[in-house]
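Student: Chains as they are written, first to last, in the numbering used here: chain Z, 51 to 371; chain C, 51 to 371. Cβ atoms here follow ideal geometry from the backbone N, Cα and C, with glycine treated the same way.
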């Protein structure tokens with residue numbers, strides 16, 4: 051599991067679980083009478099909004115950074131992210147005594163920028179429309195000899211995210227029949243596909259950003275073009291990686307897309323019925339289930355709430371939905 | 051444990067834990083880097099907002115109702131409550147096949163009235179300023195031969211709420227040095243005082259509604275007069291009961307009061323840092339800790355977040371704090 055092209059197996063996810071033990075939160079598995087009634091199924095929620103840094107990203111980041119060689123740790127790490135991966139890397143780096151530089155878009159939610167800085171990382175802001183974050187990060191890394199920590203295209207990142215799937219099966223006492231997972235580049239969903247080898251995997255994307263859904267349906271990676279704005283800042287990926295595509299396609303995963311309105315309603319549902327703060331992107335899988343886009347009737351289904359880092363004004367707008 | 055004047059012991063709380071097993075949620079014990087830093091202690095959160103019906107009240111209500119005799123079940127139950135006890139009784143009654151009538155103030159949060167009705171209870175609204183809810187409930191109960199289920203002045207209710215304390219000790223592996231608990235009539239805090247016999251107990255009340263704080267300090271039950279409005283609708287109790295006073299006073303518990311501003315800040319902190327929806331009254335203990343009103347520096351402390359049933363407009367106002 052040392053190069054980008056190698057895949058990830060259950061043993062890697064188990065090794066990741068050992069590495070993050072005592073550092074990451076073992077988030078609970080929750081259920082809700084109102085949700086079961088609305089979905090006409092037996093729904094179990096994995097609230098990664100309760101994870102350290104407010105999203106699942108800490109799992110993969112800590113797993114990646116704790117596997118670095120001493121010399122690599124010394125050189126520091128660079129990451130680019132709209133916010134959740136940024137926070138995960140920043141906190142993992144702080145805990146491991148590694149210096150971190152994070153390249154973030156200037157329009158990232160304020161709560162995410164402030165929290166990343168709060169974990170002691172150096173922030174480099176860029177303009178999403180005119181600048182290329184990969185180039186900025188690569189340049190920074192080259193000048194400092196630092197390692198770039200990708201947000202999903204890395205076997206250690208995928209294995210780390212997969213620990214959420216392992217936990218679901220341990221907490222439930224069996225594999226859920228279906229697991230529905232919010233999806234940007236497919237790091238979390240492909241990790242969970244490995245961690246839950248006996249479950250049907252469904253990924254949920256915002257409308258316009260449904261590159262994974264299309265790629266899985268068509269059997270080859272497809273890139274989306276100019277999708278326009280979305281409330282789901284965490285899921286604004288235009289193209290998945292061969293690593294995540296290979297895993298999800300190999301597992302026969304499929305995708306659904308959800309509208310902005312469906313996402314807002316899911317955020318409001320989580321407020322009203324679950325008492326959980328879920329960010330728009332983190333609510334995509336819940337939105338898909340509430341909108342009847344995944345057939346869960348009579349089934350045992352795990353729904354991942356992938357993050358809760360949302361500004362108060364965006365949140366308030368969602369509650370009015 | 052059959053009359054109002056009898057007290058409650060650890061065996062009663064353990065029996066309650068058996069009765070509610072599989073019905074109530076075993077809420078997780080969570081922690082937060084940001085909270086530990088702010089409080090300079092080791093804080094463990096018991097989020098009863100994640101309990102069924104969105105507050106701890108389901109524990110006591112289910113314990114009380116499941117201990118009714120068959121003839122009593124047949125006659126149905128009556129309760130009065132601004133909302134959280136109402137929902138707890140309504141859901142417990144539904145699960146046990148008992149008919150429930152709930153007397154609620156006409157200015158109760160809409161979310162609480164709707165949820166109570168959603169659990170199948172009959173709602174009787176009254177005017178808080180001109181009508182007496184105890185009299186209305188007693189009259190209803192007399193006419194129907196139904197049992198009145200008090201919100202805190204009942205040994206089964208207290209024992210049921212105490213199960214939250216038992217769980218804290220089991221989940222932590224030891225008793226916390228301090229437990230800070232939101233307090234209205236003292237049902238939850240006295241239950242937790244029994245469930246955590248080795249912890250120092252601190253109750254948190256809204257300013258003006260600090261009857262328990264004063265009663266514990268003075269050694270006799272004191273009633274507060276005309277305290278005016280508070281965001282903490284769940285904690286608007288004017289006077290505690292001999293049962294809850296006896297338990298808390300016997301344990302050497304003490305109280306602190308928190309301002310509306312401190313409560314709002316705690317609700318906003320829970321949104322931003324914990325990703326939990328906590329209602330104003332449910333955030334009173336967190337508010338006390340964040341405001342430095344409880345000495346937790348260097349200590350292991352359990353803070354109960356007692357409920358999360360809050361309307362969107364009230365919540366939004368708190369987020370601006």
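Near residue 52 of chain Z, which residues of its chain fall below 6 Å by C-beta distance, leaving aside the five closest residues on each side in sequence?
Tutor: Within the first chain, the letter at position 2 stands for residue 52 of chain Z. In this prediction, residue 52 of chain Z has a pLDDT of 40, which is less than 50 and means its spatial position is unreliable; what the coordinates show is noted afterwards. No residues qualify anywhere along the chain.
Student: Is it true that the CB of residue 262 of chain Z sits closer than 8 Å to the CB of residue 282 of chain Z?
Tutor: For this step, residue 282 of chain Z is matched to residue 232 along the first chain. For this step, residue 262 of chain Z is matched to residue 212 along the first chain. The answer is no: Cβ separation not under 8 Å.
Student: Using only alpha-carbon positions, find the residue among Z:367, Z:364, Z:68 and Z:368 that is nearest to residue 212 of chain Z.
Tutor: Taking the first residue of the first chain as 1, we reach residue 212 of chain Z at position 162. Nearest of Z:367, Z:364, Z:68 and Z:368 to residue 212 of chain Z, Cα basis: Z:68.
Student: Is it buried or exposed, residue 66 of chain Z, if we count other Cβ atoms within 10 angstroms and call 16 or more buried?
Tutor: As a first step, residue 66 of chain Z is located in the first chain; it is residue number 16 there, counting from the start. In the assembly as shown, residue 66 of chain Z is a buried residue. Its beta-carbon has 16 or more other beta-carbons within 10 Å.
Student: In chain C, what lies closer than 8 Å to residue 321 of chain Z by C-beta?
Tutor: Residue numbering aside, residue 321 of chain Z sits at position 271 when the first chain is read from its first letter. Under the 8 Å cutoff, chain C gives 327, 362 and 365.
Student: Starting from residue 364 of chain Z, follow the beta strand (DSSP E) in both directions and report where the run begins and ends.
Tutor: Start at 1 with the first residue of the first chain, and residue 364 of chain Z comes out as number 314. Counting along the chain, residue 364 of chain Z falls outside any beta strand (DSSP E), though it belongs to the alpha helix (DSSP H) covering 362-369.
Student: Please give me, in chain order, every unbroken run of the beta strand (DSSP E) with length at least 3 that falls completely inside the region 226-288 of chain C.
Tutor: 228-232 and 250-256
Student: State the start and end residues of the unbroken alpha helix (DSSP H) segment that holds residue 162 of chain Z.
Tutor: For the purposes of this step, residue 162 of chain Z is identified with residue 112 of the first chain, where counting begins at 1. Per DSSP, residue 162 of chain Z is one residue of the alpha helix (DSSP H) stretching across 160-168.
Student: Can you pull the chain C neighbours of residue 282 of chain Z, defined as C-beta to C-beta under 7 Å?
Tutor: Sequence index remark: in the first chain, residue 282 of chain Z carries index 232 (1-based). Simply none; closest approach about 17 Å.
Student: Is the region 175-190 of chain C close to the region 155-163 of chain C, with three or more CB pairs under 8 Å?
Tutor: Yes, the region 175-190 of chain C is in contact with the region 155-163 of chain C.
Student: Whose C-alpha, out of C:350, C:360 and C:280, is nearest the C-alpha of residue 223 of chain C?
Tutor: The residue you call residue 223 of chain C lines up with position 173 of the second chain. Checked all of C:350, C:360 and C:280; the closest Cα to residue 223 of chain C is C:350.
Student: Going by the beta-carbon positions, is the gap between residue 229 of chain C and residue 318 of chain C smaller than 8 Å?
Tutor: What you label residue 229 of chain C is simply residue 179 of the second chain in a count that begins at 1. What you label residue 318 of chain C is simply residue 268 of the second chain in a count that begins at 1. Against a cut-off of 8 Å, the Cβ pair of residue 318 of chain C and residue 229 of chain C comes out as no contact.
Student: Does DSSP put residue 116 of chain Z in a helix, in a strand, or in coil?
Tutor: Taking the first chain and counting its residues from 1, the one referred to as residue 116 of chain Z is at position 66. Helix, per DSSP.
Student: What's the C-alpha gap between residue 386 of chain C and residue 346 of chain C?
Tutor: With chain C represented from 51 up to 371, any question about residue 386 of chain C goes unanswered, as that position is not in the structure.
Student: Can you tell me the Cα-Cα spacing of residue 144 of chain Z and residue 76 of chain Z, whole angstroms?
Tutor: Counted from its first residue, the first chain places residue 144 of chain Z at position 94. Counted from its first residue, the first chain places residue 76 of chain Z at position 26. Taking the straight line joining both Cα atoms gives about 20 Å.
Student: Return the CA-CA distance between residue 156 of chain Z and residue 183 of chain Z, expressed in angstroms with no decimal places.
Tutor: The residue you call residue 156 of chain Z lines up with position 106 of the first chain. The residue you call residue 183 of chain Z lines up with position 133 of the first chain. So the alpha carbons of these two residues sit roughly 11 Å apart.
Student: Between residue 330 of chain Z and chain C, is any beta-carbon pair separated by less than 8 Å?
Tutor: Indexing the first chain from 1 puts residue 330 of chain Z at position 280. No, because no Cβ of chain C sits closer than 8 Å to the Cβ of residue 330 of chain Z.
Student: What residue ranges within the region 57-125 of chain C form continuous beta strand (DSSP E) runs of no fewer than 3 residues, ordered along the chain?
Tutor: 92-97
Student: At a CB-CB cut-off below 9 Å, which residues of chain C make contact with residue 70 of chain Z?
Tutor: For the purposes of this step, residue 70 of chain Z is identified with residue 20 of the first chain, where counting begins at 1. What residue 70 of chain Z touches in chain C: nothing, since even the nearest Cβ is about 15 Å away.
Student: Do residue 308 of chain Z and residue 320 of chain Z come within 8 Å of each other at the CB atom, strictly closer than that value?
Tutor: As a working mapping, residue 320 of chain Z is identified with position 270 in the first chain. As a working mapping, residue 308 of chain Z is identified with position 258 in the first chain. No; because the gap between Cβ atoms is not below 8 Å, this pair is not in contact.
Student: Using three-state DSSP, classify residue 313 of chain Z as helix, strand or coil.
Tutor: Counting from 1 along the first chain, the entry for residue 313 of chain Z is found at position 263. In this structure, residue 313 of chain Z counts as helix in the three-state DSSP scheme.
Student: Nearest by alpha-carbon distance to residue 185 of chain Z: which of Z:63, Z:130, Z:217 and Z:159 is it?
Tutor: If you number the first chain from 1, residue 185 of chain Z lands on position 135. Looking at the Cα atoms, Z:130 is the closest of the given residues.
Student: Under a three-way DSSP split, which group does residue 53 of chain C fall into?
Tutor: Working through the second chain from its first residue, we reach residue 53 of chain C at position 3. Here the model assigns residue 53 of chain C a pLDDT of 42, short of 50, so the residue's position is not dependable, and the following value carries that caveat. Looking at residue 53 of chain C - three-state DSSP - the assignment turns out to be coil, as it is neither helix nor strand.
Student: Between which two residues does the beta strand (DSSP E) harbouring residue 305 of chain C extend?
Tutor: What you label residue 305 of chain C is simply residue 255 of the second chain in a count that begins at 1. Unbroken beta strand (DSSP E) run through residue 305 of chain C: 304-308.
Student: Could I get the ranges of all uninterrupted alpha helix (DSSP H) runs contained in the region 151-219 of chain Z, with 4 residues as the minimum, in chain order?
Tutor: Within the region 151-219 of chain Z, the complete alpha helix (DSSP H) segments at least 4 residues long are 160-168 and 183-194, listed from N- to C-terminus.
Student: Mapping DSSP to helix, strand and coil, what is residue 139 of chain Z?
Tutor: Looking up residue 139 of chain Z in the first chain gives position 89. The DSSP-derived three-state label of residue 139 of chain Z is helix.
Student: Touching or not, the region 261-279 of chain Z and the region 328-342 of chain Z, by the rule of three or more beta carbon pairs under 8 Å?
Tutor: no
Student: Short of 6 Å in beta carbon distance, which residues of its chain neighbour residue 64 of chain Z, apart from the five on each side in sequence? Order them along the chain.
Tutor: Translated into the one-based positions of the first chain, residue 64 of chain Z becomes position 14. Taken in chain order, the list of residues that qualify is empty.
Student: Quick test of your reading: residue 142 of chain Z and residue 118 of chain Z, contact by CB under 8 Å. State the CB separation rounded to the nearest angstrom.
Tutor: By one-based count along the first chain, residue 142 of chain Z stands at place 92. By one-based count along the first chain, residue 118 of chain Z stands at place 68. That pair is no contact at about 10 Å.
Student: Are at least three pairs of beta-carbons, each pair with one atom in the region 205-220 of chain Z and one in the region 239-257 of chain Z, less than 8 Å apart?
Tutor: yes
Student: Do residue 128 of chain C and residue 196 of chain C have their CB atoms nearer than 8 Å?
Tutor: Sequence index remark: in the second chain, residue 128 of chain C carries index 78 (1-based). Sequence index remark: in the second chain, residue 196 of chain C carries index 146 (1-based). Contact: yes.
Student: Ordered along the chain, which non-local residues of its own chain (more than five positions away) have a Cβ less than 6 Å from that of residue 260 of chain C?
Tutor: Position 210 of the second chain holds residue 260 of chain C. If we look at residue 260 of chain C and ignore the five residues flanking it on each side, its Cβ neighbours are 307.
Student: Can you tell me the Cβ-Cβ gap for residue 325 of chain C and residue 110 of chain Z, rounded? I've got them flagged as a contact below 8 Å.
Tutor: Counting from 1 along the second chain, the entry for residue 325 of chain C is found at position 275. Counting from 1 along the first chain, the entry for residue 110 of chain Z is found at position 60. Wrong, their Cβ atoms sit about 19 Å apart, outside the cutoff.
Student: Can you list, in chain order, the residues of its chain whose CB lies under 8 Å from that of residue 273 of chain C, leaving out five sequence neighbours each side?
Tutor: In the second chain, the residue the question calls residue 273 of chain C occupies position 223. If you ignore the 5 residues before and after residue 273 of chain C, its C-beta comes within less than 8 Å of the C-beta of 261, 288 and 289, all in its own chain and listed in chain order.
Student: Do residue 94 of chain C and residue 226 of chain C have their beta-carbon atoms positioned less than 8 Å apart in this structure?
Tutor: Looking up residue 226 of chain C in the second chain gives position 176. Looking up residue 94 of chain C in the second chain gives position 44. Yes, the pair counts as a contact, with Cβ atoms nearer than the cut-off.
Student: So which of Z:207, Z:158, Z:80 and Z:137 has the shortest CA-CA distance to residue 237 of chain Z?
Tutor: As a working mapping, residue 237 of chain Z is identified with position 187 in the first chain. Ranking the options by Cα distance to residue 237 of chain Z, first place goes to Z:207.
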